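Colleague: One structure, pasted below without further comment.
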Amino acid sequence: MESRTILIAGGGIGGLAAAIALRRSGFDVRVFERAPEIREVGAGLTIQSNAVLALRRIGLDRSLLESGQVLRAGSIRKPDGKVLSRVDLEEVGRAVGAPVVAIHRARLQQLLFDALGAGGVETGREVAAYETRPDGVTLLFRDGGREEGGVLIGADGLRSAVRAQMLRDGEPLYAGYTCWRGVTAEGGPVVPESSETWGRGRRFGIVPIEQGRIYSSCARWPKPPRAHPVSSMIVPTRRHPAPGRSRAPVREAATSRASSAVVVSRRAASWKRRRAARGLAGDLEIAEDGPISSGQP
Ligand SMILES: Cc1cc2nc3c(=O)[nH]c(=O)nc-3n(C[C@H](O)[C@H](O)[C@H](O)COP(=O)(O)OP(=O)(O)OC[C@H]3O[C@@H](n4cnc5c(N)ncnc54)[C@H](O)[C@@H]3O)c2cc1C
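Take the sequence shown: its position 133, counting from 1, is numbered 164 in this note's numbering, and each next residue is one higher.
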């Protein structure tokens with residue numbers, strides 16, 4: 032019987048972290064990832080202090096600190112650079128016991144992938160559905176394959192097949208704006224802190240990540256038609272919308288090639304649904320107000 036084998040759908044940030052933690056606790060784990068290989072895609076992620084503490088529990092905070100960039104502060108600014116509010120992240124780090132770290136998503140994924148070890152992730156395996164049995168669960172794959180285990184963790188991201196079957200609450204909803212993300216080349220000027228510049232109908236964020244790179248994101252509210260299914264949105268990939276008269280680091284970041292993604296949200300799930308959804312991780316988790324995330328278009 033496979034009752035101690037834990038099956039994880041999705042080899043992203045949540046799936047890999049869960050797999051490492053479960054292996055360290057003595058479970059057999061199998062991770063199934065749809066992508067044919069783990070490639071450098073995405074832009075930057077900010078790992079808050081509590082998440083760094085979680086990575087410490089699985090022995091990965093040191094590698095994170097070596098690979099990423101510790102953030103000293105974060106501010107909200109006007110387009111001319113004037114600071115509207117500022118959070119001292121070093122103070123937050125001291126209070127919580129771990130710093131806030133920014134890192135390229137692909138680098139974090141690789142770090143988790145390496146920690147899991149060879150053969151830790153079975154790539155090219157797209158989960159289509161699952162069936163429950165009295166003693167466990169059977170995963171059904173898009174190519175007709177099947178795998179059995181004791182427990183299933185759904186960590187297959189924003190458009191999760193596992194979540195869709197478990198909750199049947201439809202696809203994510205368009206939140207009314209689009210976000211462009213980009214990363215500058217290595218060796219650029221080191222920006223000491225992250226910031227968001229707020230203009231009319233736009234927000235432009237910069238976050239220093241490793242090796243002098245800047246992760247930037249620009250959110251734009253064209254018109255706010257909420258509650259459209261995401262599949263009805265057509266989103267172009269191009270450069271950031273120009274941020275106008277802005278400070279030098281913002282202008283610099285805005286010249287990087289950007290990919291766009293619609294920003295989505297989910298309606299808050301009922302208490303009953305949240306209870307039913309214990310096996311969901313990462314973007315699939317159901318927060319009180321529903322997670323808001325920028326998915327890959
Ligand atoms: C390619 C990519 C780039 C991203 N870039 C950014 C970024 O730059 N900045 C940012 O803030 N957030 C980014 N995100 C989102 C961010 O990674 C997540 O919001 C966050 O890490 C939560 O992690 P997660 O494990 O829930 O989901 P993810 O990290 O999205 O991982 C989900 C994984 O499941 C896999 N998957 C999906 N469907 C199936 C299926 N049916 N069967 C098997 N595997 C499946 C996906 O290929 C992916 O590897 C990106 C996500 C992806 C997939």
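Ideal placement from N, C-alpha and C gives every residue a C-beta, glycine not left out. As the structure is a prediction and not an experimental result, all values here were calculated from the model.
#1: For Ile51, which residues of its own chain have a beta-carbon under 6 Å away from its beta-carbon, when the five flanking residues on both sides are left out?
#2: For Pro274, count neighbouring Cβ atoms within 10 angstroms of its own Cβ and tell me buried if that reaches 16, exposed if not.
#3: Short check: CB of Ile44 to CB of Leu76, under 9 Å?
#4: Let's test the definition: count the other Cβ atoms within 10 Å of the Cβ of Ser116 and tell me whether it reaches 16, buried, or not, exposed.
#5: State the Cα-Cα distance for the pair Gln196 and His135, rounded to the nearest angstrom.
#6: If you follow the beta strand (DSSP E) that Val182 is in, where does it begin and where does it stop?
#7: So, with DSSP's three-state summary, where would you put Phe144?
#8: For ligand 1, is there a heavy atom less than 8 Å away from the beta-carbon of Glu157?
#9: Report yes if the C-beta distance between Arg61 and Glu157 is below 9 Å; otherwise report no.
#10: Between Phe235 and ligand 1, is the CB less than 8 Å from at least one heavy atom?
#11: Verify whether the separation of the beta carbon atoms of Arg138 and Glu217 is less than 9 Å.
#12: Counting along the chain, where does the beta strand (DSSP E) carrying Glu227 start and finish?
#13: Spatial neighbours of Pro67 within its chain, please: C-beta separation below 6 Å, excluding the five flanking residues on both sides.
#14: Buried or exposed, going by whether 16 or more other CB atoms sit within 10 Å of the CB of Thr401?
#15: With hydrogens ignored, establish whether the beta-carbon of Gly151 is closer than 8 Å to any heavy atom of ligand 1.
#16: For the beta strand (DSSP E) that contains Val214, what are its first and last residues?
#17: Just to confirm before moving on: does the CB-CB distance between Gly99 and Ala133 stay below 9 Å?
#18: Please report the residue range of the alpha helix (DSSP H) in which Asp92 lies.
#19: From Arg244 to Thr215, what distance separates their C-alpha atoms?
#20: The beta strand (DSSP E) spanning Glu122 covers which residue range?
#21: Could you check if Ala192 belongs to the surroundings of ligand 1, using beta carbon to heavy atom distance under 8 Å?
#22: Evaluate contact between the region 198-206 and the region 222-232, counting only Cβ atoms and requiring at least three cross-stretch pairs below 8 Å.
#23: Taking only the alpha-carbon atoms, compute the straight-line gap between Gly251 and Val72 and give it to the nearest angstrom.
#24: To the nearest angstrom, report how far apart Thr36 and Ala186 are at their CA atoms.
#25: Within 10 Å of its beta-carbon, does Glu20 have 16 or more other beta-carbons around it, so buried, or fewer, so exposed?
Modeller: So, to answer that:
#1: Around Ile51: Ile89, Ala146, Leu147.
#2: With a pLDDT of only 48 at Pro274, under the threshold of 50, the placement of this residue in the model should not be trusted; the figure read from the coordinates follows. Looking at its Cβ environment, which holds 16 or more other Cβ atoms inside 10 Å, Pro274 is buried.
#3: Contact flag set, yes.
#4: By the Cβ-count criterion, Ser116 is exposed, with fewer than 16 other Cβ atoms from all chains shown falling within 10 Å of its own Cβ.
#5: Near 31 Å, if we compare the C-alpha coordinates of His135 and Gln196.
#6: Here the beta strand (DSSP E) through Val182 covers 182-185.
#7: In the displayed model, Phe144 falls within a helix according to three-state DSSP.
#8: Correct: Glu157 has its Cβ closer than 8 Å to ligand 1.
#9: Between Arg61 and Glu157, the CB-CB gap reaches or exceeds 9 Å.
#10: Not so, every heavy atom of ligand 1 lies at least 8 Å from the Cβ.
#11: Cβ distance not < 9 Å, so Arg138 and Glu217 don't count as in contact.
#12: For Glu227, the enclosing beta strand (DSSP E) starts and ends at 225-230.
#13: Correct list, in chain order: Thr154, Gly155.
#14: A query on residue 401 cannot be resolved here, the shown segment of the chain reaching from 32 to 328 and no further.
#15: Checking the Cβ of Gly151 against ligand 1 gives no.
#16: Here the beta strand (DSSP E) through Val214 covers 204-214.
#17: It is a contact, given that the beta carbons lie within the stated cut-off.
#18: First-last of the alpha helix (DSSP H) with Asp92: 92-98.
#19: When rounded, the distance between both Cα atoms is 5 Å.
#20: Note, Glu122: premise wrong, no beta strand (DSSP E); alpha helix (DSSP H) at 120-127.
#21: Taking 8 Å as the cut-off, one finds at least one heavy atom of ligand 1 near enough to the beta carbon of Ala192.
#22: Not touching, per the Cβ criterion.
#23: Here residue 251 is Arg; the residue named in the question, Gly, does not match the sequence. Their Cα atoms are separated by approximately 22 Å.
#24: For Thr36 and Ala186, the distance between alpha carbons rounds to 16 Å.
#25: The chain is shown from 32 up to 328; residue 20 falls before or after that span and cannot be answered.
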